[in-house]
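First up is the structure itself, then whatever we jot down about it.
Number of protein chains: 6
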Amino acid sequence: MRVLVVNSNTSEAITQSIAAVATAAASSGTIILPRTAEYGPRYISSRAEATVAALATVEAIAAAGDQVDAAVIAAFVDPGLAACRELFSFPIVGVAEAAMITSLFYGGRFAIVTTGPRVVPVFEDLAATYGVAGRLAAIEAIEDRDIDPAGHPDHAADALAAVGARCIERHFAEVIVLGGAPLAGLRDRVQARLPVPVLDGVSCGVRMAEALVGLKIPKARAGSYAHPGRRAMVGLSEPLAALFERAP
Amino acid sequence: MRVLVVNSNTSEAITQSIAAVATAAASSGTIILPRTAEYGPRYISSRAEATVAALATVEAIAAAGDQVDAAVIAAFVDPGLAACRELFSFPIVGVAEAAMITSLFYGGRFAIVTTGPRVVPVFEDLAATYGVAGRLAAIEAIEDRDIDPAGHPDHAADALAAVGARCIERHFAEVIVLGGAPLAGLRDRVQARLPVPVLDGVSCGVRMAEALVGLKIPKARAGSYAHPGRRAMVGLSEPLAALFERAP
Amino acid sequence: MRVLVVNSNTSEAITQSIAAVATAAASSGTIILPRTAEYGPRYISSRAEATVAALATVEAIAAAGDQVDAAVIAAFVDPGLAACRELFSFPIVGVAEAAMITSLFYGGRFAIVTTGPRVVPVFEDLAATYGVAGRLAAIEAIEDRDIDPAGHPDHAADALAAVGARCIERHFAEVIVLGGAPLAGLRDRVQARLPVPVLDGVSCGVRMAEALVGLKIPKARAGSYAHPGRRAMVGLSEPLAALFERAP
Amino acid sequence: MRVLVVNSNTSEAITQSIAAVATAAASSGTIILPRTAEYGPRYISSRAEATVAALATVEAIAAAGDQVDAAVIAAFVDPGLAACRELFSFPIVGVAEAAMITSLFYGGRFAIVTTGPRVVPVFEDLAATYGVAGRLAAIEAIEDRDIDPAGHPDHAADALAAVGARCIERHFAEVIVLGGAPLAGLRDRVQARLPVPVLDGVSCGVRMAEALVGLKIPKARAGSYAHPGRRAMVGLSEPLAALFERAP
Amino acid sequence: MRVLVVNSNTSEAITQSIAAVATAAASSGTIILPRTAEYGPRYISSRAEATVAALATVEAIAAAGDQVDAAVIAAFVDPGLAACRELFSFPIVGVAEAAMITSLFYGGRFAIVTTGPRVVPVFEDLAATYGVAGRLAAIEAIEDRDIDPAGHPDHAADALAAVGARCIERHFAEVIVLGGAPLAGLRDRVQARLPVPVLDGVSCGVRMAEALVGLKIPKARAGSYAHPGRRAMVGLSEPLAALFERAP
Amino acid sequence: MRVLVVNSNTSEAITQSIAAVATAAASSGTIILPRTAEYGPRYISSRAEATVAALATVEAIAAAGDQVDAAVIAAFVDPGLAACRELFSFPIVGVAEAAMITSLFYGGRFAIVTTGPRVVPVFEDLAATYGVAGRLAAIEAIEDRDIDPAGHPDHAADALAAVGARCIERHFAEVIVLGGAPLAGLRDRVQARLPVPVLDGVSCGVRMAEALVGLKIPKARAGSYAHPGRRAMVGLSEPLAALFERAP
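Chains as they are written, first to last, in our numbering: chain A, 5 to 252; chain B, 5 to 252; chain C, 5 to 252; chain D, 5 to 252; chain E, 5 to 252; chain F, 5 to 252.
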């Protein structure tokens, strides 16, 4: 099975760290194909950047061709997720979506711990969009935004575990979700510091993508997630235009 | 007051019809500046097209420069609304948002009547995103999708009023919202056929934009709708890159 | 355009302060007609007082006659709003309603800051009634209830801004609503102290009333907001009885 | 135990029918004290009439003096309920509230059957206000509004049972609530026609009032349902003014 | 009237304390029949124990025979409530359900105070199941779990009242519910310490059961709470099997 | 990987059909261990039966010992799910839960099609319990309850697809979930008849169980899903008692 993992950010270093987590999380028969968005933000932290990244993610998946069995969108705002779900015939999973939905299987409410207050309302909206807001206990950001997950992972894990512990104690969170693709590599460390399940979106995204591929469910041919059909478009790049010109 | 009205679709004919409605709806001192997206779908009817149109809308507003007092995004999925609200310092209003929110002032639940079943779940999600799902009575699509609002307006109004009447009778809708920017010109005709308020997003968008300009509220300098600040971006067009390079 | 602004409290001093805010907020062509309820509470701070004020508000608007284009109910529990919307043919806007609904256009969740804990549950119920509870981040009351908005406005603004700041930091409020008609005159001062939009109901009410008048939407002839029709009533004052005797 | 049953409508005939149901429903030791509002609508079917009836209901309970152990507000929009709960020290129960809340004990969702479409949105709002909207399956009105519960009870019961059956079949209602105080006398007849519990607000109101009296819970001295305290009021009738002048 | 009060815990001491509260709360004509579950947990504090207790409760009520008019399930997770409601023809009330639902009559939001954090999410789920989550202000647990309601009631009441006061101040709770059947005997003491109504499930359960008996509503013959009908079962005890073999 | 699949019904024929679906759905390295509950209902169709089956399911999983990596509870009301999640250290998945949660990855709202109206409210409650009620479009039951999935699968698939089509058209369902473990074997046939994804809980349950095992998340040591700890129990069977006597 070939699972495309698209870093919607344009930072290669983040792609490497995501790819490492994805590879470690994958089943033995799964090949992880990492890919970096060709344009857009270095690191998404606003809806404006996500709007750019959404289109870049669509293009990145289109550029990967049909030789993939599933794609994971690896930025914690899942840019372009709904568009990709309409346009491509293989399963598409976002890492925020995957982590939140997977958390439901552990029972109780989940909390998201993340690195800055600005994205808190954005993540709240995502939980509502995915229909799981009723299972969201809290979203909390660490105060020190300058953590360095790659360079000083223990320090970063300490900071995340501290707010995670607060979510458990004050908000009765029963699962902690790491809110940010670059945080995925810290899961084991944060888990070691907390008494409830800790989830990262990249691992959940890969395992959920594998499960969906295994279920062999055909793509919708009706409804709002069917391919939009041959649509007249103006001024698009060649491959993007091609996506909209396919007969459904 | 100068109100930019952006048609997020690339069809000039739709721009003309929207501009006519906007001009008719505006206060005497308001100048309507119509503008058409430079690339993207002829007419948005899927999330995939909306993803393209979102970026095209951001670019269209950026291209209009700072000589505007407010902007109305005139496509009924409000593409790029949140991104524009972050990036620009003047008020931004989407026509779907404007119609749904304005409906709240008439009391009771609103229904949306539209031209095809595919967008029904998309509009439902919008109502939830805007926080007004509890006031949404129903969304219903006419069966004959080939109505021609410009060419045969009475026939189109008949069709829309018929489903509107069903929303009133079965779902106790107390306001009817026309779900589609090209339908805005039919408001008077549909109103003449129905016993409850009928709203179009373009008129509501213009009047709400005027009201927001009049309130003179400064743009947020904190929170998730503040300007994202100087952000590193890769491969963007010049004006789009400039938007992200402004010091907040 | 003539906009009636009814102070549902019987305090003339409050009427004066509301009228000043309303006049400052109105468009150049708008004439503000202030009016004070003829009986009822000096200052509403309970549902019991609001029940009296509701009827007093209906009577005040009836007494103003048909020479108005819209009415704004200027007490932050919007007493009599639904009744007036049924009985009168011109647009009716409540200041609590106007502030909460206008806040939706700025994006994200709003918080209400107010002067005493007793009204907090009342305002919560209002937000639910208006269908915007999902966008309500928090309601917080200042501890010092003896602020004097007219006499010591800077001290009052300090107190309100302090709880507003707490709503921004702890509850991620992205808009602050001043919860109380007598607080409306403090908007500029509170705004100067906070980094997100600050709204007062009186200004929002006037601007929203103007927008609704501009939209020229006819009154509902069906549904629960239509005029109730000729209804037999017992023991009412002459003008109130007349309101119910109109043929719809 | 003395339970005041206030007909918020000014129709004596309705008072008689309500009193009969209340007396039949009461425990052996309970004395039912019927009372008719002294002014206001003959029969409430709009929010505007309910606004008048709310104040009339407060005055009716005040006029009954302190020689009662509880009061039931017997009009299906519960006019004045919240105000009375603040002002009086004995338990106050509304018949709509009582029927909806009692229905929760039978399991599953309840439906309300009533006599005209106009009140459907009003009853929906009530269910939301009482916090039980999630248990509301449907509200349906009979088509023939000219039923005569007193004169032709079997015909009326047939009509109500028919829409009740539709609620059971289509909306999986597990309890049927009769939406209207004048319908209370039809409960046995409607029950005989339907396979699920049928509730009328008057019987539920009386039994719930008895239960609350039995629990001997003191009135709140804090929060938004405490007595508002000595409040300055203008132009009120003597007894109404007295209610607001009591030291809390 | 004979009201069975089943202690779903197997502790006789708890049964005694519950019986004392139930007897004190009951009307003069009501006979309280206490009964202890024959197997299962000493004191339920997890869903796993509640699963055992659910079946033990069904069996305990079955063993009591048909000589009862109603049954109250007296453990604050209401084990087996829905099953019993299907199987028995007399009213069944759970104490958690009764306290939460009764609280609705006092207005505003209720809070639950309890003895350990583990049950907080369980009680939250119960409130959602009963459809009253929108009226739940907070659930708070005392820190000292080793309170001894029977032996040191004043100390226990102090601890509960302290968290209750916090719920009133921070979360605007307007009613306090004691979350735990063994806490029921502390109601008067906690009430003496708090300015809002304090409810215990046992008293509420008994009074609500009496009210339901008084209403004389027949058991559902359709829907999901009707008797499941003659169902083939394997390996059940004699009396339990008999319950499922009754023709509906 | 060894995945226990427990049929909570006591019918061996259903176990065989579930095992066949589970085996077909599993990854190549997964061994499916089918097991039938030792006591309880032949086929669960009420909450009362589910209450018995819940305990039987706990006992069945306990009897299987620790030689399993995960367990799937294969009855569409997921009897005993929460209890098992507390008691066992390996992942537990219910088939209703698995199907509903998996559906979230396909976008839009899901509908459940099932075989009788009685379980419709039960399934609605389950969706709410799992926090996904906002994504539930409808639950519809076929009229002919005497379908024979094993004997006449095409006829059964026709009936299920017919109501599924209605859910798609009327309620805009974008995924169809087969509501009943015995229906799982019909998935391919129903899928062939419908244009949107069709999910069965058994396949989803197995694939989700595999994914959870793959994620290697440790069991909660805190919160309401931790093992309840050594608890005093009375009158339990040996193995059940042992489950509660384990030190956590």
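No residue lacks a Cβ here, since even glycine has one placed at the ideal position from N, Cα and C. Just so you know, these numbers come straight off a predicted model, no measurement behind them.
Pair every Cβ in the stretch 190-206 of chain A with every Cβ in the stretch 11-28 of chain B, then say whether three or more of these pairs are closer than 8 Å. No, the stretch 190-206 of chain A is not in contact with the stretch 11-28 of chain B.
Kindly say whether glycine 80 (chain A), judged by its beta-carbon, lies nearer than 8 Å to any beta-carbon of chain F. Reading off the sequence shown, one finds phenylalanine at residue 80 (chain A), where the question assumed glycine. Cβ-Cβ to chain F under 8 Å: no for phenylalanine 80 (chain A).
Against chain A: residues of the stretch 111-132 of chain C by CB proximity under 8 Å: Gly112, Arg113
By a C-beta neighbour count over all protein chains shown, 10 Å radius and 16 as the cutoff for buried, is isoleucine 96 (chain B) buried or exposed? Counting the other CB atoms within 10 Å of its CB gives isoleucine 96 (chain B) a total of 16 or more, which places it among the buried residues.
How would you label aspartate 152 (chain A), buried or exposed, when you count the other beta carbons within 10 angstroms and need 16 or more for buried? exposed
Please report whether the beta-carbon of glycine 138 (chain B) lies at a distance below 8 Å from any beta-carbon of chain C. yes
Separation of alanine 29 (chain D) from arginine 211 (chain D), as counted between CA atoms: 7 Å
May I have the straight-line CA-CA distance separating glycine 233 (chain F) from phenylalanine 248 (chain F), to the nearest angstrom? 7 Å
Tell me, please, whether the CB atom of phenylalanine 176 (chain B) is closer than 8 Å to any CB atom in chain D? For phenylalanine 176 (chain B), the answer is yes, since a Cβ of chain D falls inside 8 Å of its Cβ.
Local conformation of leucine 59 (chain D) per DSSP, three classes: If DSSP states are grouped into helix, strand and coil, leucine 59 (chain D) belongs with the helices.
What residue from B:Ala67, B:Pro45, B:Ala141, B:Ala131 has the CA that sits closest to leucine 108 (chain C)'s CA? B:Ala131
Since I believe glycine 120 (chain B) is in contact with serine 50 (chain B) (beta carbons under 8 Å), could you give me their beta-carbon distance rounded to a whole number of angstroms? About 10 Å; that fails the 8 Å criterion.
Boundaries of the beta strand (DSSP E) in which aspartate 204 (chain D) is found, first to last residue: Aspartate 204 (chain D): member of the beta strand (DSSP E) spanning 202-204, first to last residue.
Cβ shell of methionine 5 (chain E) (< 8 Å), same chain only, five flanking positions each side left out: Ser31, Gly33, Thr34, Ile35, Asp73, Ala74, Glu214, Val217
In the DSSP assignment, find the alpha helix (DSSP H) that holds leucine 244 (chain B) and state where it starts and stops. 242-249
Short Cβ contact (8 Å threshold) for alanine 64 (chain F) with glycine 205 (chain F): no
Excluding the 5 residues flanking tyrosine 43 (chain F) on each side, which residues of the same chain have their C-beta closer than 7 Å to its C-beta? Thr14, Ala60
Going by beta carbon distance, what residues of the same chain come within less than 8 Å of alanine 177 (chain D), once the five residues before and after it are set aside? Gly112, Arg113, Phe114, Ala115, Ala141, Ala142, Gly168, Cys171, Val200
Taking buried to mean at least 16 other C-beta atoms within 10 Å of its own C-beta, is serine 241 (chain F) buried or exposed? exposed
Neighbouring residues, chain E, relative to leucine 219 (chain D) (Cβ below 8 Å): Ala29, Thr106, Leu203, Ser207, Cys208, Arg211
Which residues share a DSSP beta bridge with glycine 98 (chain E)? Per the DSSP secondary-structure output, glycine 98 (chain E) pairs in a beta bridge with E:Ile77.
Ends of the beta strand (DSSP E) at phenylalanine 176 (chain B)? Neither: phenylalanine 176 (chain B) is in no beta strand (DSSP E) and is coded neither H nor E.
On the three-state DSSP scale, how would you describe alanine 226 (chain C)? coil
Are the C-beta atoms of glutamate 53 (chain D) and some chain C residue less than 8 Å apart? yes
Which chain A residues are close to glycine 155 (chain B), counting only those with a beta carbon under 7 Å from its beta carbon? Those within 7 Å of glycine 155 (chain B) in chain A number zero; the least Cβ separation is about 19 Å.
On the premise that valine 179 (chain A) lies in contact with leucine 203 (chain A), defined as a C-beta separation below 8 Å, what is that separation, rounded to the nearest angstrom? 6 Å
Counting only C-beta atoms, is leucine 240 (chain C) closer than 8 Å to chain B at any point? no
Could you give the residue range of the beta strand (DSSP E) that holds glutamate 90 (chain A)? For glutamate 90 (chain A), there is no enclosing beta strand (DSSP E); the enclosing alpha helix (DSSP H) has its first and last residue at 85-91.
For a contact meaning CB atoms closer than 7 Å, what does threonine 14 (chain D) contact in chain C? Val238
Which word fits arginine 225 (chain A), buried or exposed, when buried means at least 16 other C-beta atoms lie within 10 angstroms of its C-beta? Around the beta carbon of arginine 225 (chain A), fewer than 16 other beta carbons sit within 10 angstroms, so the residue counts as exposed.
Leucine 8 (chain E): contacting residues in chain F (beta-carbon distance under 7 Å): Result: empty, since nearest Cβ-Cβ is about 18 Å, beyond 7 Å.
Would you call the CB atoms of alanine 230 (chain F) and methionine 237 (chain F) closer than 8 Å? no
Distance check for valine 62 (chain B) and alanine 66 (chain A), CA to CA, integer angstroms please. 23 Å
Does the distance between the C-beta of glutamate 16 (chain E) and the nearest non-hydrogen atom of the ligand COA fall short of 7 Å? Among the components modelled here there is no ligand, and therefore nothing to report on the ligand COA.
Mind listing the chain B neighbours of glutamate 90 (chain A)? Cutoff is C-beta to C-beta under 7 Å, in chain order. Ser50, Arg51, Ala52
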